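Chemist:
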Amino acid sequence: GTSVVQVTATDADDPSYGNSARVIYSILQGQPYFSVEPETGIIRTALPNMNRENREQYQVVIQAKDMGGQMGGLSGTTTVNITLTDVNDNPPRFPQSTIHLRIPESSPVGTAIGSVKATDADTGKNAEVEYRIIDGDGTDMFDIVTQKDTQEGIITVRKPLDYETRRLYTLKVEAENTHVDPRFYYLGPFKDTTIVKISVEDVDEAPVFSRSSYLFEVHEDIELGTIIGTVMARDPDSASSPIRFSLDRHTDLDRIFNIHSGNGSIYTSKPLDREISQWHNLSVIAAEINNPKDTTRVPVYVRILDVNDNAPQFAVFYDTFVCENARAGQLIQTISAVDKDDPLGGQKFFFSLAAVNPNFTVQDNEDNTARILTRRNGFSRHEISTYLLPVVISDNDYPIQSSTGTLTIRVCACDSRGNMQSCNAEALLLPAGLSTGALVAILLCIIILLVIVVLFAALKRQRKKEPLILSKEDIRDNIVSYNDEGGGEEDTQAFDIGTLRNPAAIEDKKLRRDIIPETLFVPRRTPSAPDNTDVRDFINQRLKEHDTDPSAPPYDSLATYAYEGNDSIAESLSSLESGTTEGDQNYDYLREWGPRFNKLAEMYGGGESDKDTS
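Following this line, the structure appears as structure tokens:
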């Protein structure tokens, strides 16, 4: 009887004229689910508890007929589409009462094992479900998260699993609607439960150490090979394979430690020194012998404990001086000491003199410092300019360590206030002059100037040795080619024949122009020939001079005098005419021509002996 909608039909006839405009409604389609009131056209439900999950869409046809619905009246129809909306009248239901899942024991925390899903016939928010674990022996090992878009419950690992400890877990998972309509409480609880059984699968696991990290403390004076500690690891698998231990050498580059591969004992292989390194951070590797690829690491921290094995020393280098006018008991220096060791009770040093000193004494301040005092009045730097004072420094730890430090005390001249003025005995005798830096600078400048002068002279000497004419053909014979044809007979500028006719015109010996002579010698003056001397005699005289001149060049020179001269007394030396000569010629006259023809005379002078031999 619930009202759904009202339909209204209109009739154009006059309502005052009988029943022609009186409309009656009836339902033609939609029974038995819906009904319509004849007079008002209100559509109502005809059945109680209609179920959307069985049928959601309905099509209802309503007829309107005039004449009060009597025979002969006119009618019209309309179609009404009716949709049932959802209400949360169905609880969620698991399709299975028991669900089985499997997971390897090596799965890390947060790994999704699987999912569960409860079905709900409702839609929209009426079908939203929330999952939770309400019971079981794995409530602390697993979690469940509701996936909103798929309405699934995702089961994840909450804690690490161990096949050897527990192999099966049972969970009771509940699914409940989040939006419940109170009108339908009578339909029962809107939730459901299922049993989830999770099986843990065995995996070949890496060894497991007994601790997450190890800390060992050892004194720095232990002997080599001493065991400082032991690490322990086991195979968590049921097979319980033996374990092999090793050190990661990247954490022990100096190889100070070593480990027993069988029992995990760590021992020293080199001496320890806390003053060099107080901590050593090692990494121990454990691997199964049957499966060496499966390894586990653990950090091992080694702390080196201090032993009193270092003697105290002066804290700094002390530049100590005493004034010549110092009085007995005057403080000239305060000293302190340092020690590389670090005893638990703190540092405590004692100062004393190695031997009784008549000039100075040490007074311990009992606060790890001491004062150096004078024991007499007046010092003279001219007598003794420097004093050496051995000071013994010792500590109070066991065993006691001590060292002797020597203070160098200079005797200086001071003013009345005790300010140092000069500490050198020779300072009074040295006159004022240039500083050492200035002298060094002057010496450097002088050396640089000398080097420049030597280089300049060497370059100039090398330039003098270079020939004036550089030519590829100028190797042995210095033949100068000017490539000048000359102007013929009318060219009086090319060469003056009068020079040869008048030797007096030559005042000085001309030097060669093709090379630069290495040594300059004074040209020899030769008596000029008389004006009427024949040119031939002049040339012979000059030739003789050159033959006997020791300073003449050792190579041939071509000198052109532009004068042919008379016929040679030796006539022709050509071999072309020798064949026409019937008798043997005598070439002994070649020896009379001077040293230049000696070679030629030797070649032609032995004619008789050659014939006898042949």
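Under our numbering, the letters of the sequence shown match residues 735 to 1348, in that order.
Quick reminder that beta carbons are idealized off the backbone N, C-alpha and C, glycines included.
Since the structure is predicted, the reported quantities are computational estimates derived from the model, not experimental observations.
Unbroken beta strand (DSSP E) runs of length 3 or more, entirely within the stretch 741 to 818: which are they?
Modeler: Correct list: 758 to 763, 768 to 770, 776 to 779, 791 to 799 and 809 to 817.
Chemist: If you draw a straight line from the alpha carbon of N1099 to that of L1065, how long is it in whole angstroms?
Modeler: Position 365 of the sequence shown, counting from 1, holds the residue named residue 1099. Position 331 of the sequence shown, counting from 1, holds the residue named residue 1065. For N1099 and L1065, the distance between alpha carbons rounds to 13 angstroms.
Chemist: State whether the stretch 1025 to 1033 contacts the stretch 1073 to 1083, with contact taken as three or more CB pairs (one from each stretch) at a distance under 8 angstroms.
Modeler: No: fewer than three Cβ pairs fall under 8 angstroms.
Chemist: On the three-state DSSP scale, how would you describe H984?
Modeler: Along the sequence shown, read from residue 1 onward, the residue named residue 984 stands at position 250. Looking at H984 - three-state DSSP - the assignment turns out to be helix.
Chemist: How far does the alpha helix (DSSP H) with D955 in it extend, from its first residue to its last?
Modeler: Residue mapping note: residue 955 aligns to position 221 of the sequence shown, counting from 1. Looking at the DSSP string, D955 is not in any alpha helix (DSSP H), and its letter there is neither H nor E.
Chemist: Thinking I1000 and S980 are a contact (beta carbons under 8 angstroms), I'd like their distance in whole angstroms, please.
Modeler: Locating residue 1000 in the sequence shown gives position 266, counting from the first residue. Locating residue 980 in the sequence shown gives position 246, counting from the first residue. The pair is not a contact, with the Cβ atoms about 11 angstroms apart (cut-off 8 angstroms).
Chemist: Could you give the distance in angstroms between the alpha-carbon of D1208 and the alpha-carbon of A1192?
Modeler: Translated into positions along the sequence shown, residue 1208 becomes position 474. Translated into positions along the sequence shown, residue 1192 becomes position 458. Its pLDDT being 48, under 50, D1208 is placed unreliably in this model, and the value from its coordinates should be taken loosely. If you take the alpha carbons of D1208 and A1192, they lie about 25 angstroms apart.
Chemist: Taking its Cβ as the centre, do 16 or more other Cβ atoms sit within 10 Å of P941, making it buried, or is it exposed?
Modeler: Taking the first residue of the sequence shown as 1, we reach residue 941 at position 207. Per the 10 Å Cβ criterion, buried.
Chemist: Is it buried or exposed, E939, if we count other Cβ atoms within 10 angstroms and call 16 or more buried?
Modeler: Within the sequence shown, numbered from 1, the residue matching residue 939 stands at position 205. Buried.
Chemist: Could you please give the first and the last residue of the uninterrupted alpha helix (DSSP H) stretch that includes V914?
Modeler: The count along the sequence shown starts at 1 and reaches residue 914 at position 180. Taken as a continuous stretch (DSSP letters only), V914 belongs to no alpha helix (DSSP H), as it is neither H nor E.
Chemist: Within the continuous beta strand (DSSP E) that includes L1277, where are the two ends?
Modeler: Here residue 1277 corresponds to residue number 543 of the sequence shown, with the count starting at 1. Note, L1277: premise wrong, no beta strand (DSSP E); alpha helix (DSSP H) at V1269 to T1282.
Chemist: Reducing DSSP to helix, strand and coil, say where Y1323 ends up.
Modeler: Locating residue 1323 in the sequence shown gives position 589, counting from the first residue. Y1323 falls in the helix class under three-state DSSP.
Chemist: Pop quiz: Y1354 and L1141 are said to be a contact at Cβ under 8 angstroms. What is the actual Cβ separation, rounded to whole angstroms?
Modeler: Not covered by the structure: residue 1354. The range shown for the chain is 735 to 1348.
Chemist: Is the stretch 1173 to 1187 touching the stretch 1137 to 1157 in the sense that three or more CB pairs, one from each, lie closer than 8 angstroms?
Modeler: With a cut-off of 8 angstroms, the stretch 1173 to 1187 and the stretch 1137 to 1157 do not count as touching, because too few Cβ pairs lie within range.
Chemist: Give the DSSP-derived three-state secondary structure of F1190 in the structure shown.
Modeler: Along the sequence shown, read from residue 1 onward, the residue named residue 1190 stands at position 456. Reduced to three states, the DSSP call for F1190 is helix.
Chemist: Going by C-alpha distance, which of V934, K882 and V914 is nearest T904?
Modeler: Translated into positions along the sequence shown, residue 904 becomes position 170. Measuring from the Cα of T904, the nearest candidate turns out to be V934.
Chemist: For P825, which residues of its own chain have a beta-carbon under 7 angstroms away from its beta-carbon, when the five flanking residues on both sides are left out?
Modeler: Along the sequence shown, read from residue 1 onward, the residue named residue 825 stands at position 91. These residues qualify, in order along the chain: N911, G922, P923, F924, K925 and D926.
Chemist: In the structure shown, what three-state DSSP assignment does L1039 receive?
Modeler: Position 305 of the sequence shown, counted from the first residue, corresponds to residue 1039. Strand, per DSSP.
Chemist: Quick one: what's got a C-beta closer than 7 angstroms to R827's C-beta in the same chain, skipping five residues either side?
Modeler: If you number the sequence shown from 1, residue 827 lands on position 93. Taken in chain order, the residues that qualify are A852, T853 and D926.
Chemist: For V794, is the classification buried or exposed, using 16 other Cβ atoms within 10 angstroms of its Cβ as the cut-off for buried?
Modeler: Start at 1 with the first residue of the sequence shown, and residue 794 comes out as number 60. V794 is buried by the Cβ-count criterion.
Chemist: Just the Cα atoms here: how many angstroms apart are R983 and Y897?
Modeler: Counted from its first residue, the sequence shown places residue 983 at position 249. Counted from its first residue, the sequence shown places residue 897 at position 163. If I take the Cα positions, the gap works out to 34 angstroms.
Chemist: Residue range of the beta strand (DSSP E) that L886 falls in?
Modeler: Walking along the sequence shown from the start, residue 886 turns up at place 152. First, the residue type needs correcting, since residue 886 is Glu and not Leu in the sequence shown. Residues E886 to V891.
Chemist: Okay, do the stretch 873 to 889 and the stretch 784 to 799 touch, 3+ Cβ pairs below 8 angstroms being the bar?
Modeler: No, they do not touch.
Chemist: When the distance is taken between beta carbons, is L781 closer than 8 angstroms to E839?
Modeler: Counting from one through the sequence shown, the residue named residue 839 turns up at place 105. Counting from one through the sequence shown, the residue named residue 781 turns up at place 47. Their beta carbons are not under 8 angstroms apart, which means E839 does not touch L781 by this criterion.
Chemist: May I have the straight-line CA-CA distance separating G802 from D856, to the nearest angstrom?
Modeler: Numbered from 1 along the sequence shown, position 68 holds the residue referred to as residue 802. Numbered from 1 along the sequence shown, position 122 holds the residue referred to as residue 856. Using only the alpha carbons, I get a separation of about 44 angstroms.
Chemist: Residues in its own chain within less than 7 angstroms of N997 by CB, not counting five upstream and five downstream?
Modeler: Within the sequence shown, the letter at position 263 stands for residue 997. T964, listed in sequence order.
Chemist: When DSSP labels each residue in this structure, what does G1112 get in the three-state scheme?
Modeler: The residue given as residue 1112 occupies position 378 in the sequence shown. Reduced to three states, the DSSP call for G1112 is coil.
Chemist: Might you give, ordered along the chain, the residues of its own chain that have their beta carbon closer than 8 angstroms to the beta carbon of F1055, omitting 5 neighbours on each side?
Modeler: As a position in the sequence shown, residue 1055 is number 321, starting the count at 1. Around F1055: I1066, I1143, R1144, V1145, C1146, M1154 and C1157.
Chemist: I'd like the list of long-range same chain contacts for Q1012, defined as Cβ closer than 6 angstroms, with 5 residues on each side in sequence excluded.
Modeler: For the purposes of this step, residue 1012 is identified with residue 278 of the sequence shown, where counting begins at 1. Excluding positions up to five away in sequence, the list reads I1038.
Chemist: Between G764, Q765, H834 and S760, which has its C-alpha nearest Q804's C-alpha?
Modeler: In the sequence shown, counting from the first residue as 1, residue 804 sits at position 70. Q804 has its Cα closest to that of S760, out of G764, Q765, H834 and S760.
Chemist: Would you mind sorting E957 into buried or exposed? The rule is 16 or more other CB atoms within 10 Å of its CB.
Modeler: For the purposes of this step, residue 957 is taken as the residue at position 223 of the sequence shown. Exposed.
Chemist: Can you give me the Cβ contacts of T1103 inside the same chain, cut-off strictly under 7 angstroms, excluding the 5 residues immediately before and after it?
Modeler: For the purposes of this step, residue 1103 is taken as residue 369 along the sequence shown, with counting starting at 1. Answer for T1103: T1068, I1069 and S1070, listed in chain order.
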